[in-house]
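No gaps in the numbering here: position 58 of the sequence shown is 182 in my numbering, and each next residue is one more.
Glycine is no exception: its CB is placed at the ideal position from the N, C-alpha and C atoms.
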Amino acid sequence: MKGVIMEKQQPSKAALLSIIPGLGQIYNKQKAKGFIFLGVTIVFVLYFLALAAPELSNLITLG
Numbered sequence: 125m126k127g128v129i130m131e132k133q134q135p136s137k138a139a140l141l142s143i144i145p146g147l148g149q150i151y152n153k154q155k156a157k158g159f160i161f162l163g164v165t166i167v168f169v170l171y172f173l174a175l176a177a178p179e180l181s182n183l184i185t186l187g
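Written out as structure tokens, the structure is:
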């Protein structure tokens, strides 16, 4: 492509950002997809902390 300047992306940075769902997509300029993944992840974590985490204290291990 003539006249298009491509920004070189760093694979190590992309690997670190891929730990949190959505950040890798945002880094690769797929912003809509990245924000959707990030939003779903945040909602899931908040749901887990609010509703599911207190139930973990009721677990009894065998052994």
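| query | Which residues bound the alpha helix (DSSP H) around K153? | reply | The sequence position of residue 153 within the sequence shown is 29, counting from 1. From DSSP, K153 is part of no alpha helix (DSSP H); its letter is neither H nor E.
| field | Per-residue burial, G146 [other beta carbons within 10 Å of its own, 16 or more giving buried] | value | As a first step, residue 146 must be located in the sequence shown, where it is residue number 22. Around the beta-carbon of G146, 16 or more other beta-carbon atoms lie within 10 Å, marking it buried.
| query | How many Å lie between L180 and A174 at the Cα? | reply | Translated into positions along the sequence shown, residue 180 becomes position 56. Translated into positions along the sequence shown, residue 174 becomes position 50. L180 and A174: Cα-Cα distance of roughly 12 angstroms.
| task | Within 10 angstroms of the Cβ of G163, are there 16 or more other Cβ atoms? Answer buried if so, exposed if not. | result | Start at 1 with the first residue of the sequence shown, and residue 163 comes out as number 39. Counting Cβ neighbours within 10 Å, G163 comes out exposed, since fewer than 16 surround it.
| request: Compare the C-alpha of G166 against each of A156, I150, I144 and L183 and name the closest. | output: Indexing the sequence shown from 1 puts residue 166 at position 42. The sequence given here has Ile at residue 166, not Gly. The candidate whose alpha carbon is nearest that of I166 is I144.
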